[in-house]
Amino acid sequence: MMDLGRMDDLPAEYRAALAEQNLVPLWPSLRSVLPPGKPVPRTRATAWRYAGLRPLLMQAGELTPIEKAERRVLVLANPGHGLDKMQASSAIYLGMQLLMPGELAPSHRHTPNAVRMIVEGEGAYTTVDGEKCPMERGDLILTPTGLWHEHGHEGTEPVVWLDVLDLPLVYYMEASYVTEGAPQTVKRQGGERTYLHGGVVPSPVFTRGNRRYPMLRYPWRDVRAALVILAETEPAIEAVQMAYINPETGADCQNILGYSALMLRPGETLRLPVRSPAAVFHLIEGSAALTVDDSDFTLSPADTCCAPGFAQVVLRNASASEPAFLFIADESPLHKKLGVYEVRG
Ligand code: 1HN
Numbered sequence: 000m001m002d003l004g005r006m007d008d009l010p011a012e013y014r015a016a017l018a019e020q021n022l023v024p025l026w027p028s029l030r031s032v033l034p035p036g037k038p039v040p041r042t043r044a045t046a047w048r049y050a051g052l053r054p055l056l057m058q059a060g061e062l063t064p065i066e067k068a069e070r071r072v073l074v075l076a077n078p079g080h081g082l083d084k085m086q087a088s089s090a091i092y093l094g095m096q097l098l099m100p101g102e103l104a105p106s107h108r109h110t111p112n113a114v115r116m117i118v119e120g121e122g123a124y125t126t127v128d129g130e131k132c133p134m135e136r137g138d139l140i141l142t143p144t145g146l147w148h149e150h151g152h153e154g155t156e157p158v159v160w161l162d163v164l165d166l167p168l169v170y171y172m173e174a175s176y177v178t179e180g181a182p183q184t185v186k187r188q189g190g191e192r193t194y195l196h197g198g199v200v201p202s203p204v205f206t207r208g209n210r211r212y213p214m215l216r217y218p219w220r221d222v223r224a225a226l227v228i229l230a231e232t233e234p235a236i237e238a239v240q241m242a243y244i245n246p247e248t249g250a251d252c253q254n255i256l257g258y259s260a261l262m263l264r265p266g267e268t269l270r271l272p273v274r275s276p277a278a279v280f281h282l283i284e285g286s287a288a289l290t291v292d293d294s295d296f297t298l299s300p301a302d303t304c305c306a307p308g309f310a311q312v313v314l315r316n317a318s319a320s321e322p323a324f325l326f327i328a329d330e331s332p333l334h335k336k337l338g339v340y341e342v343r344g
């Protein structure tokens, strides 16, 4: 590969004359924007431990009332991007949110898409587009772009969930903004029950397919049962994995980030294909070891880890007797839509 000229090879007056007219020579930066063979990611393999994070989140509950926070969140920031950027990867934002009994996080809607993966506690709910979605451990609740959402808590213990948003991308696009709203009137509840069986969908002739996001809550109880059944009925299958999809279209449940749940059989080691999108792994149940290229992590329940794109990820169930269950978020819908998706075996 050709050795290219550097910035300081150029005379100072010439550089000043360029800057004066908002001009920049390409060749000193060409190798950094187009590295050979594969990208050089800023995203660093990083794990966030729930045991370390939880006491600080509870402390935030004492230090900052919900009225002063709107959303009481500790952001899981990737040091490779700089903590102030609040990014787990180039397109993924992660945060752990705490809601205390009786608190209300007021209704708003925004352009970034969000999902919640419930980590602990009972009695909280999110109302999304008029549908009241109870939050139970392991549930996935969508708050897609443009839909009103607010969180409330009718229980007695703190409730914590993991927020996953495509905020870094939408912000980078200069498309990120919020609209505040009045408390919603609940119009529906239990919407997920209308999609209980994958092969049949509600089909009234006048209203069929009129909602872009027909399913907002994916109860963990059902997803976990589906994984166990898949493992039993397809013993030869390599990865016991279920994708969270739009049941009306079969497409990814959101436009930018993709979501799935994966079961590691007792003692199983799973080498994932090397792919272009970055990914996040959050342990719902069991114990797992995770290797991202040269970095090793052990995950306990509610621990979260991210891997850059083009990394070799190996997942291992640390138990020989119990299954482990992971929630996975990745950038594959985005990469596929943009035509830059790659799998390298
Ligand atoms: C947001 O709206 C929520 O609604 C949580 O709970 C985290 C992070 C950035 C921007 C908006 C929520 C968020 C957020």
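315 is the number that numbering that gives the first Met the number 0 gives to position 316 of the sequence shown; each next residue is one higher, with no gaps.
We treat Cβ as the ideally placed atom computed from N, Cα and C, and that holds for glycine.
For the segment 192-200 against the segment 112-122, do three or more pairs of beta-carbon atoms, one drawn from each stretch, fall closer than 8 Å, so that the two count as touching? no
Compute the beta-carbon to beta-carbon distance between leucine 256 and aspartate 165, rounded to the nearest angstrom, for a pair I have assumed lies under 8 Å. Taking the first residue of the sequence shown as 1, we reach residue 256 at position 257. Taking the first residue of the sequence shown as 1, we reach residue 165 at position 166. Contact holds; Cβ gap of about 5 Å.
On a Cα-Cα basis, can you pick out the residue from Glu61, Leu56 and Ala46 that is closest to serine 88? For the purposes of this step, residue 88 is taken as the residue at position 89 of the sequence shown. Among Glu61, Leu56 and Ala46, the Cα nearest to that of serine 88 belongs to Ala46.
Tell me glutamate 119's beta-bridge partners as DSSP assigns them. Against the sequence shown, residue 119 aligns to sequence position 120. In the DSSP output, where bridge partners are listed per residue, glutamate 119 has Val159.
Cβ distance (whole Å) where phenylalanine 280 is taken to contact leucine 269 below 8 Å: Here residue 280 is taken as the residue at index 281 of the sequence shown, counted from 1. Here residue 269 is taken as the residue at index 270 of the sequence shown, counted from 1. Not really, about 11 Å apart at Cβ, beyond 8 Å.
When every heavy atom of the ligand 1HN is checked, does at least one fall within less than 6 Å of the C-beta of arginine 70? What you label residue 70 is simply residue 71 of the sequence shown in a count that begins at 1. At least one heavy atom of the ligand 1HN is nearer than 6 Å to the Cβ of arginine 70, so yes.
Rounded Cβ spacing between alanine 306 and valine 291 (contact assumed at less than 8 Å): Within the sequence shown, numbered from 1, the residue matching residue 306 stands at position 307. Within the sequence shown, numbered from 1, the residue matching residue 291 stands at position 292. With a Cβ gap of about 4 Å, alanine 306 and valine 291 count as contacting.
Tell me whether isoleucine 140 is buried or exposed, calling it buried when 16 or more other Cβ atoms sit within 10 Å of its Cβ. Here residue 140 refers to the residue found at position 141 when the sequence shown is read from its first residue. Buried, because 16 or more other Cβ atoms sit within 10 Å of the Cβ of isoleucine 140.
Inspect the beta-carbon positions of glutamate 179 and histidine 80 and report whether they are closer than 7 Å. If you number the sequence shown from 1, residue 179 lands on position 180. If you number the sequence shown from 1, residue 80 lands on position 81. Not a contact, by the Cβ cut-off of 7 Å.
If you draw a straight line from the C-alpha of threonine 144 to the C-alpha of threonine 126, how long is it? Residue numbering aside, residue 144 sits at position 145 when the sequence shown is read from its first letter. Residue numbering aside, residue 126 sits at position 127 when the sequence shown is read from its first letter. Rounded to the nearest angstrom, the two C-alpha atoms are 14 Å apart.
By the three-class DSSP mapping on this structure, what secondary structure does histidine 80 have? Reading the sequence shown from its first residue, position 81 is the one you call residue 80. It is coil, neither helix nor strand.
Beta carbon of glycine 60 nearer than 7 Å to that of proline 100: Against the sequence shown, residue 60 aligns to sequence position 61. Against the sequence shown, residue 100 aligns to sequence position 101. The answer is no: Cβ separation not under 7 Å.
Report whether the distance from the Cβ of leucine 52 to the nearest heavy atom of the ligand 1HN is below 6 Å. Here residue 52 is taken as the residue at index 53 of the sequence shown, counted from 1. Taking the Cβ of leucine 52 as the reference point, every heavy atom of the ligand 1HN lies at 6 Å or farther away.
Pull up the DSSP beta-bridge partners for alanine 113, would you. As a first step, residue 113 must be located in the sequence shown, where it is residue number 114. DSSP output for alanine 113 lists Thr142 and Leu164 as bridge partner(s).
If you draw a straight line from the C-alpha of glutamate 69 to the C-alpha of proline 105, how long is it? Counted from its first residue, the sequence shown places residue 69 at position 70. Counted from its first residue, the sequence shown places residue 105 at position 106. Cα-Cα distance, rounded: 7 Å.
Local conformation of glutamate 130 per DSSP, three classes: Start at 1 with the first residue of the sequence shown, and residue 130 comes out as number 131. In this structure, glutamate 130 counts as strand in the three-state DSSP scheme.
Out of Glu341, Asp128 and Pro24, which one is the CA nearest neighbour of tyrosine 212? Here residue 212 corresponds to residue number 213 of the sequence shown, with the count starting at 1. If we check each option's Cα against that of tyrosine 212, Asp128 comes out closest.
What does the alpha-carbon distance come out to for the pair tyrosine 171 and isoleucine 91? Counting from one through the sequence shown, the residue named residue 171 turns up at place 172. Counting from one through the sequence shown, the residue named residue 91 turns up at place 92. Near 12 Å, if we compare the C-alpha coordinates of isoleucine 91 and tyrosine 171.
Which same chain residues end up closer than 7 Å to valine 222 when comparing Cβ atoms and leaving out the 5 residues on each side of it in sequence? Indexing the sequence shown from 1 puts residue 222 at position 223. Correct list, in chain order: Met241 and Ala260.
Less than 6 Å separating the Cβ of leucine 337 from some heavy atom of the ligand 1HN? What you label residue 337 is simply residue 338 of the sequence shown in a count that begins at 1. Flag unset: Cβ of leucine 337 not near the ligand 1HN.
Does the distance from the C-beta atom of proline 27 to that of methionine 6 stay below 7 Å? Numbered from its first residue, the sequence shown carries residue 27 at position 28. Numbered from its first residue, the sequence shown carries residue 6 at position 7. Going by C-beta atoms, proline 27 is nearer than 7 Å to methionine 6.
Using the rule of at least 16 other Cβ atoms within 10 Å of the residue's Cβ for burial, across every protein chain shown, is glycine 36 buried or exposed? Along the sequence shown, one-based indexing puts residue 36 at 37. Classification of glycine 36: exposed, given that the 10 Å Cβ count is below 16.
Below 6 Å, is the gap between the Cβ of glycine 94 and the nearest heavy atom of the ligand 1HN? As a position in the sequence shown, residue 94 is number 95, starting the count at 1. Within the cutoff, so yes.
Tell me the rounded alpha-carbon separation between glutamate 330 and valine 342. Position 331 of the sequence shown, counted from the start, is the residue given in the question as residue 330. Position 343 of the sequence shown, counted from the start, is the residue given in the question as residue 342. For glutamate 330 and valine 342, the distance between alpha carbons rounds to 13 Å.
Is any non-hydrogen atom of the ligand 1HN found closer than 6 Å to the C-beta of leucine 166, if you look at the structure I gave you? On the sequence shown, residue 166 is found 167 positions in, with the first residue counted as 1. At least one heavy atom of the ligand 1HN is nearer than 6 Å to the Cβ of leucine 166, so yes.
Sheet register partners of leucine 73 (DSSP bridge): Against the sequence shown, residue 73 aligns to sequence position 74. Looking at the DSSP assignment, leucine 73 forms a beta bridge with Met95.
Counting only runs of 3+ residues fully inside the segment 271-327, write out the beta strand (DSSP E) ranges in chain order. 278-284, 287-291, 294-298, 303-306 and 312-316
Between tyrosine 258 and alanine 328, how many whole angstroms is the CB-CB distance? I'm expecting something under 8 Å. Translated into the one-based positions of the sequence shown, residue 258 becomes position 259. Translated into the one-based positions of the sequence shown, residue 328 becomes position 329. Correct: roughly 6 Å between the Cβ atoms.
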